[in-house]
Amino acid sequence: MLRFAPSPTGDMDISNLRVAILNYIVAKQKNEKFLVRIADTDKIKNIEGKDTEIMMILEKFAIGHDLVYHQSQHLNIHQQLALRLLKEKKSKNFDSSIIMNSDNTLTENFASACDDMLSEINFIICEETELINTEKQIYIKSSLGYTEPTEYIYIPTIENKITIKELFEQGFIPDAILNYLILLDNPKAPKEIFTLPEAIEWFDLNNISKESVKFDINKLRFINHEHIKMMDDKELSKLFGFADSDIGKLAKLYLGECATINELEGKIRYIFTPKDFDKEWGEQMRVIEKIIFNAPYFEEFDEFKKYIAKESGLKGDNLLKPLRVLLTGDEKSKPKLSEIYPLVKSYILEVAS
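In case it helps, our numbering puts the sequence shown at residues 3 to 355.
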């Protein structure tokens, strides 16, 4: 069995998530069970609600589990095992800080060692910064008479890490973050853009980089861009408050200049926000708006444009620039109006106002 044992003491960062992902992948490859254990033994540092937040994040990344529990549920067992060591006088071999905190509560290392032993955890992937803790945990298990081997794989630390919450707030999607973190450890990956099920097929612990790695926001932006392209159009539209594949297609027209959901949302918002008729092209926009309000439905953009031109008498920039502002909210937007119109024609009265 493999496990992920986060502490509910703060926001999950990319290092924590990376450990969860790698342990999950290896569990799947080995056909082993995967346990999530909330390491909540430090009552002072625990933050209410962070345990729920951890589970929600794992769910967003499709990291399932066979078992989940809070470490504090096993407090009685931990205390019994500590007492056993005391009675056998083996505790004299320990620095007291390995078993007990200064307030006489059991240490997280002791609780973790006990739970790993009880759950028969036999494979653990963790950051190299955990080396000193795992050495203590191995010693504790040995002193408790546990002889089953546990294999430890240490991965390099991520420098300048960022929290998952911050990445979500910036408009990065789970599939892209997961792709980036797996790629970070596997420079020999067979391809650059992939999904979790695909990674489970080829991921190889032997290819993990031994050097410390730096978080690269630009690389993540590229991967995010590629995963947005792969998204189902209707599902993408839901991120902007719609349930319409045309809105998803509309958003993808802006991928030439955007790489995050936030940036795309800004473009969609410009399109559907009431336009400012007091700026440049305002007079022409008012004329076009009135024509559109009374116009018949046009399937094709060329028919629509010809009708506006005929009814308004406008031509050239006097027609196309105010029409672009009405349909996109931005005179300098890059997608062609002939690409945009088919996707917003169902909303034309709302858009062109």
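The C-beta atom is built at its ideal place from N, Cα and C for all residues, glycine as well. Just so you know, these numbers come straight off a predicted model, no measurement behind them.
Under 8 angstroms between C-beta atoms of residue i and residue j
| i | j | result |
| --- | --- | --- |
| Tyr154 | Ile123 | no |
| Ile184 | Lys30 | no |
| Leu345 | Arg326 | no |
| Ala253 | Lys240 | no |
| Ser145 | Leu87 | yes |
| Thr330 | Ile249 | no |
| Val28 | Phe6 | no |
| Phe205 | Asn188 | yes |
| Tyr343 | Phe303 | yes |
| Trp283 | Pro337 | no |
| Ile230 | Leu238 | yes |
| Ala115 | Lys89 | no |
| Asp234 | Lys251 | no |
| Phe279 | Arg288 | yes |
| Ile164 | Ile16 | yes |
| Thr11 | Lys52 | yes |
| Asp118 | His76 | no |
Assumed close pair residue i, residue j - CB separation to whole angstroms, cut-off 8 angstroms
| i | j | result |
| --- | --- | --- |
| Gln73 | Ala113 | 5 angstroms |
| Leu69 | Lys32 | Not confirmed; about 16 angstroms, so no contact. |
| Met58 | Leu37 | That belief does not hold up - the Cβ atoms of Met58 and Leu37 are roughly 18 angstroms apart, past 8 angstroms. |
| Leu19 | Ile166 | 6 angstroms |
| Glu130 | Ala41 | Incorrect: roughly 19 angstroms between the Cβ atoms, too far for contact. |
| Leu328 | Lys281 | Incorrect: roughly 12 angstroms between the Cβ atoms, too far for contact. |
Nearest candidate by alpha-carbon position, reference residue i, set the options
| i | options | result |
| --- | --- | --- |
| Pro8 | Asp246, Phe303 and Lys47 | Lys47 |
| Ile140 | Thr152, Asp235 and Thr131 | Thr152 |
| Leu266 | Lys221, Pro276 and Leu255 | Leu255 |
| Ile355 | Phe306, Glu305, Leu321 and Ile290 | At residue 355 the sequence reads Ser, which differs from the Ile that was named. Residue Ile290 is the option with its Cα nearest to Ser355. |
| Cys128 | Leu186, Lys308 and Leu24 | Leu24 |
| Glu137 | Tyr26, Glu171, Ile100 and Pro199 | Ile100 |
Inter-stretch contact (C-beta, 8 angstroms, three-pair minimum) for the segment 304 to 317 and the segment 256 to 266: no
Completely contained beta strand (DSSP E) runs for the segment 225 to 283, where each covers 3 or more residues: none
Does the segment 159 to 179 come within contact of the segment 55 to 67, defined as at least 3 CB pairs closer than 8 angstroms? yes
Whole beta strand (DSSP E) elements within the segment 59 to 124, 3-residue minimum: 69 to 72
So within the segment 128 to 204, which uninterrupted alpha helix (DSSP H) runs reach at least 4 residues, ignoring any that extend past its ends? 133 to 145, 166 to 171, 176 to 187 and 198 to 204
Any chance the segment 159 to 171 sits against the segment 206 to 215, with 3 or more Cβ pairs inside 8 angstroms? yes
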